[in-house]
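K.L.:
Keeping their order, the protein sequence lines are chains A and B.
For the first sequence, this note's numbering gives the first residue as 25, with consecutive numbering after it.
For the second sequence, this note's numbering gives the first residue as 25, with consecutive numbering after it.
Every residue gets a Cβ at the ideal spot worked out from N, C-alpha and C, and that includes glycine.
In this text, all values refer to a predicted model and were calculated from it rather than measured experimentally.
2 protein chains.
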Amino acid sequence: MRPNPVPDIVIGRLPLYLRALGQMKAEGNTVTSSHELAGRLGISSAQIRKDLSQFGEFGKQGTGYNIAFLREQIQRILGVDRTWDVALIGLGDLGRALAHYGGFLRRGFQICALYDTDPEKIGQSIRDMPIQSMETMAADIRRKNIKIAMLAVPLSAAQEVVDELVGAGVVAILNYAPTSITVPEGVHVQQIDPALHLQHMTYYIKPD
Amino acid sequence: MRPNPVPDIVIGRLPLYLRALGQMKAEGNTVTSSHELAGRLGISSAQIRKDLSQFGEFGKQGTGYNIAFLREQIQRILGVDRTWDVALIGLGDLGRALAHYGGFLRRGFQICALYDTDPEKIGQSIRDMPIQSMETMAADIRRKNIKIAMLAVPLSAAQEVVDELVGAGVVAILNYAPTSITVPEGVHVQQIDPALHLQHMTYYIKPD
Numbered sequence: 025m026r027p028n029p030v031p032d033i034v035i036g037r038l039p040l041y042l043r044a045l046g047q048m049k050a051e052g053n054t055v056t057s058s059h060e061l062a063g064r065l066g067i068s069s070a071q072i073r074k075d076l077s078q079f080g081e082f083g084k085q086g087t088g089y090n091i092a093f094l095r096e097q098i099q100r101i102l103g104v105d106r107t108w109d110v111a112l113i114g115l116g117d118l119g120r121a122l123a124h125y126g127g128f129l130r131r132g133f134q135i136c137a138l139y140d141t142d143p144e145k146i147g148q149s150i151r152d153m154p155i156q157s158m159e160t161m162a163a164d165i166r167r168k169n170i171k172i173a174m175l176a177v178p179l180s181a182a183q184e185v186v187d188e189l190v191g192a193g194v195v196a197i198l199n200y201a202p203t204s205i206t207v208p209e210g211v212h213v214q215q216i217d218p219a220l221h222l223q224h225m226t227y228y229i230k231p232d
Numbered sequence: 025m026r027p028n029p030v031p032d033i034v035i036g037r038l039p040l041y042l043r044a045l046g047q048m049k050a051e052g053n054t055v056t057s058s059h060e061l062a063g064r065l066g067i068s069s070a071q072i073r074k075d076l077s078q079f080g081e082f083g084k085q086g087t088g089y090n091i092a093f094l095r096e097q098i099q100r101i102l103g104v105d106r107t108w109d110v111a112l113i114g115l116g117d118l119g120r121a122l123a124h125y126g127g128f129l130r131r132g133f134q135i136c137a138l139y140d141t142d143p144e145k146i147g148q149s150i151r152d153m154p155i156q157s158m159e160t161m162a163a164d165i166r167r168k169n170i171k172i173a174m175l176a177v178p179l180s181a182a183q184e185v186v187d188e189l190v191g192a193g194v195v196a197i198l199n200y201a202p203t204s205i206t207v208p209e210g211v212h213v214q215q216i217d218p219a220l221h222l223q224h225m226t227y228y229i230k231p232d
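1. Can you name the start and end residues of the beta strand (DSSP E) that residue 89 of chain A belongs to?
2. If you run the structure through DSSP and keep just helix, strand and coil, what is residue 56 of chain B?
3. Since residue 237 of chain A is in the alpha helix (DSSP H), which residue starts that stretch and which ends it?
4. Counting Cβ pairs, one atom from each stretch, are 3 or more of them under 8 Å apart for the segment 90 to 99 of chain B and the segment 155 to 164 of chain B?
5. Over the uninterrupted beta strand (DSSP E) stretch that includes residue 112 of chain A, give me the two end residues.
6. Looking at the structure shown, is residue 84 of chain A part of a helix, part of a strand, or coil, going by DSSP?
7. Quick one: what does DSSP say residue 187 of chain A is sitting in, helix, strand or coil?
8. By a C-beta neighbour count over all protein chains shown, 10 Å radius and 16 as the cutoff for buried, is residue 25 of chain B buried or exposed?
9. Using a Cβ-Cβ cut-off of less than 8 Å, list which residues of the segment 147 to 177 of chain A approach chain B; keep chain order.
10. Taking the continuous alpha helix (DSSP H) assigned at residue 228 of chain B, which residues delimit it?
11. Kindly indicate the opening and closing residues of the alpha helix (DSSP H) around residue 173 of chain B.
12. Which whole-angstrom value describes the C-beta separation of residue 214 of chain B and residue 221 of chain A, a residue pair presumed to lie in contact below a C-beta threshold of 8 Å?
13. Closer than 8 Å, CB to CB, is residue 118 of chain B near chain A or not?
14. Are the beta-carbon atoms of residue 122 of chain A and residue 176 of chain A separated by less than 8 Å?
15. Cβ closer than 8 Å: which chain B residues qualify as neighbours of residue 204 of chain A?
16. Could you check how far apart the C-beta atoms of residue 218 of chain B and residue 153 of chain A are, in whole angstroms? I think they sit under 8 Å.
17. Which residues of chain B have a Cβ atom closer than 8 Å to the Cβ of residue 31 of chain A, listed in chain order?
18. Could you tell me the alpha carbon to alpha carbon distance between residue 110 of chain B and residue 170 of chain B, rounded to whole angstroms?
19. Rounded to a whole number of angstroms, what is the C-alpha to C-alpha distance between residue 146 of chain B and residue 68 of chain B?
20. Would you call the segment 101 to 118 of chain B in contact with the segment 25 to 44 of chain B, where contact means no fewer than 3 C-beta pairs closer than 8 Å?
21. Which same chain residues, not among the five before or five after residue 88 of chain A, have their C-beta less than 7 Å away from its C-beta?
22. So which residues on chain A does residue 216 of chain B lean against when the C-beta distance must stay under 8 Å?
23. Could you tell me which residues DSSP puts in a beta bridge with residue 153 of chain A?
24. Return no unless some Cβ of chain B is closer than 8 Å to the Cβ of residue 35 of chain A.
25. Quick one: what does DSSP say residue 25 of chain B is sitting in, helix, strand or coil?
26. Could you tell me whether the Cβ atoms of residue 203 of chain A and residue 71 of chain B are closer together than 8 Å?
27. Could you give the first and the last residue of the continuous beta strand (DSSP E) run that contains residue 215 of chain A?
28. Only counting the same chain, and skipping five residues up and downstream in sequence, which positions put a Cβ closer than 8 Å to that of residue 207 of chain A?
29. Select from B:73, B:63, B:36, B:112 the residue whose C-alpha is nearest the C-alpha of residue 224 of chain A.
30. Taking the continuous alpha helix (DSSP H) assigned at residue 76 of chain B, which residues delimit it?
31. Is the shortest distance between the beta-carbon of residue 48 of chain B and the beta-carbons of chain A less than 8 Å?
32. Would you list the residues sitting across from residue 134 of chain A in a DSSP beta bridge?
33. Exposed or buried, which one is residue 53 of chain A when buried takes at least 16 other CB atoms within 10 Å?
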């Protein structure tokens with residue numbers, strides 16, 4: 025157990041800070057400030073300073089933050105100072121787009137195993153990775169000690185696949201199936217469903 | 025201005041309730057309870073009752089909620105008791121997957137215009153919609169009175185396209201480009217970046 029758990033909403037902002045720092049580094053900058061980060065992120069500079077202070081002292085009053093140093097520290101805090109193997113389940117249009125996406129590796133993730141149920145797809149390769157049968161998925165994930173999965177299967181299959189993944193030792197699931205899934209304590213789920221996000225915004229823009 | 029604004033975090037949960045109600049309806053159910061919703065969503069029943077009570081009285085103590093009625097009410101509250109036209113910008117792998125996705129319409133959204141900069145793609149069609157040039161995008165969006173856009177362009181192009189969209193009258197943007205974008209007051213942005221979600225989870229699963 026952590027002695028003083030940091031609120032989850034703070035943890036959720038750290039990846040935003042990390043992404044912005046990576047972009048600043050790519051742009052050739054070496055130093056930044058909470059004000060500059062605030063301008064990029066639409067988060068107040070006071071909030072950014074408060075969030076970061078939960079983890080230590082990363083900058084000096086008046087001189088700002090060293091970008092490379094702060095980036096390394098946040099990578100370490102988030103556990104992405106290493107590369108995580110990720111399994112991708114479901115190679116429909118979305119799954120294929122994820123498999124082809126080149127942006128994961130520099131942010132700490134490598135899709136290293138693909139699974140589908142479609143006999144036409146099994147045996148095909150994407151980026152030199154073979155699409156494997158779901159029948160061998162659990163054993164394969166356990167053998168490879170994969171802890172993270174991205175789920176891009178149809179709604180109707182989602183819970184069953186989740187149960188298999190959890191049984192195989194997966195502890196973090198990024199769920200693209202448009203349904204809520206149930207997992208035991210200690211397994212983490214994040215959901216990506218574009219219609220949810222769109223409906224959140226229409227609340228504010230609908231005509232009164 | 026709304027007299028008593030409902031917290032944004034509550035608004036963000038309404039689409040989850042709506043999605044679960046739609047699934048219950050599809051399963052042939054007519055009545056549900058905050059306890060049943062809680063079990064599906066991993067949100068406490070007290071929280072669900074409290075959230076819904078901000079908008080009125082939708083159920084009776086002891087008899088639960090009428091699914092069709094509650095669903096209609098949440099659709100109305102979120103402004104998805106109608107269909108919104110949506111522009112999709114960027115027809116790479118992800119944009120194509122979004123264009124092909126069949127799940128938007130029953131949740132209140134219809135992709136009705138596609139834009140890209142690639143001369144090879146312009147003129148091609150997806151689901152009978154032509155991919156149009158970005159050069160004509162702003163005028164086209166304004167003429168069609170489109171208020172919502174999904175942005176699946178590369179990071180480097182994102183802010184420029186956003187500025188054009190906002191200038192053309194777009195007030196809600198679902199941003200798939202892995203970067204924060206800046207918009208004026210009154211324009212709503214939601215971000216989808218799988219690496220952000222994955223990094224949020226690795227905080228909790230990293231070895232101590």
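P.N.:
So, from the listed chains and residues:
1. Stepping through the first sequence from its first residue, residue 89 of chain A is reached at position 65. Taken as a continuous stretch (DSSP letters only), the beta strand (DSSP E) holding residue 89 of chain A covers 88 to 90.
2. Counting from one through the second sequence, the residue named residue 56 of chain B turns up at place 32. Strand at residue 56 of chain B.
3. Nothing in the structure corresponds to residue 237 of chain A, since chain A is present only between 25 and 232.
4. Fewer than three beta-carbon pairs drawn from the segment 90 to 99 of chain B and the segment 155 to 164 of chain B are found closer than 8 Å, and the two stretches are therefore not classed as touching.
5. Against the first sequence, residue 112 of chain A aligns to sequence position 88. Looking at the DSSP string, the run of the beta strand (DSSP E) that includes residue 112 of chain A is 108 to 113.
6. Your numbering for residue 84 of chain A matches position 60 in the first sequence. Note: residue 84 of chain A maps to strand in three-state DSSP.
7. Stepping through the first sequence from its first residue, residue 187 of chain A is reached at position 163. Three-state DSSP puts residue 187 of chain A in a helix.
8. What you label residue 25 of chain B is simply residue 1 of the second sequence in a count that begins at 1. Because residue 25 of chain B carries a pLDDT of 49, less than 50, the predicted location of this residue cannot be relied on, and the following value inherits that uncertainty. Exposed is the call here.
9. Under the 8 Å Cβ criterion, the segment 147 to 177 of chain A contributes 171, 172, 174.
10. Looking up residue 228 of chain B in the second sequence gives position 204. Here the alpha helix (DSSP H) through residue 228 of chain B covers 218 to 229.
11. Position 149 of the second sequence, counting from 1, holds the residue named residue 173 of chain B. Looking at the DSSP string, residue 173 of chain B is not in any alpha helix (DSSP H); the run it does join, the beta strand (DSSP E), is 172 to 175.
12. Within the second sequence, residue 214 of chain B is the residue found at index 190, counting from 1. Within the first sequence, residue 221 of chain A is the residue found at index 197, counting from 1. With 8 Å as the limit, residue 214 of chain B and residue 221 of chain A qualify as a contact, their Cβ atoms being about 4 Å apart.
13. Within the second sequence, residue 118 of chain B is the residue found at index 94, counting from 1. Taking a beta-carbon distance threshold of 8 Å, residue 118 of chain B counts as an interface residue toward chain A.
14. For this step, residue 122 of chain A is matched to residue 98 along the first sequence. For this step, residue 176 of chain A is matched to residue 152 along the first sequence. Using a Cβ distance threshold of 8 Å, residue 122 of chain A and residue 176 of chain A count as a contacting pair.
15. The residue labelled residue 204 of chain A in the question sits at position 180 within the first sequence. Ordered by position in chain B, the residues that pass the 8 Å Cβ test against residue 204 of chain A are 40, 43, 44, 64, 65, 66.
16. Mapped onto the second sequence, residue 218 of chain B falls at position 194. Mapped onto the first sequence, residue 153 of chain A falls at position 129. About 17 Å separates the beta carbon of residue 218 of chain B from that of residue 153 of chain A, a gap too long to meet the 8 Å contact definition.
17. One-based indexing of the first sequence puts residue 31 of chain A at position 7. Simply none; closest approach about 12 Å.
18. Walking along the second sequence from the start, residue 110 of chain B turns up at place 86. Walking along the second sequence from the start, residue 170 of chain B turns up at place 146. Near 6 Å, if we compare the C-alpha coordinates of residue 170 of chain B and residue 110 of chain B.
19. Walking along the second sequence from the start, residue 146 of chain B turns up at place 122. Walking along the second sequence from the start, residue 68 of chain B turns up at place 44. Take the alpha-carbon of residue 146 of chain B and the one of residue 68 of chain B: they are about 49 Å apart.
20. Yes, they touch.
21. Indexing the first sequence from 1 puts residue 88 of chain A at position 64. If we look at residue 88 of chain A and ignore the five residues flanking it on each side, its Cβ neighbours are 55, 56, 57.
22. Residue 216 of chain B sits at position 192 when you count from the first residue of the second sequence. Simply 216, 218, 221.
23. Taking the first sequence and counting its residues from 1, one reaches residue 153 of chain A at position 129. Residue pairing from DSSP places residue 153 of chain A in a beta bridge opposite A:150.
24. For the purposes of this step, residue 35 of chain A is taken as the residue at position 11 of the first sequence. Interface residue, yes.
25. Locating residue 25 of chain B in the second sequence gives position 1, where the first residue counts as 1. Any answer about residue 25 of chain B is weak, because its pLDDT of 49 lies below 50 and its placement is not dependable; what the coordinates show is given next. Coil at residue 25 of chain B, not helix or strand.
26. Counting from 1 along the first sequence, the entry for residue 203 of chain A is found at position 179. Counting from 1 along the second sequence, the entry for residue 71 of chain B is found at position 47. Contact flag unset, no.
27. Here residue 215 of chain A refers to the residue found at position 191 of the first sequence. Going by DSSP, residue 215 of chain A is part of the beta strand (DSSP E) stretching over 212 to 215.
28. Counting from 1 along the first sequence, the entry for residue 207 of chain A is found at position 183. These residues qualify, in order along the chain: 186, 190, 197, 213.
29. Here residue 224 of chain A corresponds to residue number 200 of the first sequence, with the count starting at 1. By alpha-carbon distance to residue 224 of chain A, the top candidate from B:73, B:63, B:36, B:112 is B:36.
30. In the second sequence, counting from the first residue as 1, residue 76 of chain B sits at position 52. Element bounds for residue 76 of chain B: 69 to 77.
31. By 1-based counting over the second sequence, the position of residue 48 of chain B is 24. For residue 48 of chain B, the answer is no, since every Cβ of chain A falls outside 8 Å of its Cβ.
32. Against the first sequence, residue 134 of chain A aligns to sequence position 110. DSSP links residue 134 of chain A through a beta bridge to A:109.
33. Position 29 of the first sequence holds residue 53 of chain A. So residue 53 of chain A counts as exposed.
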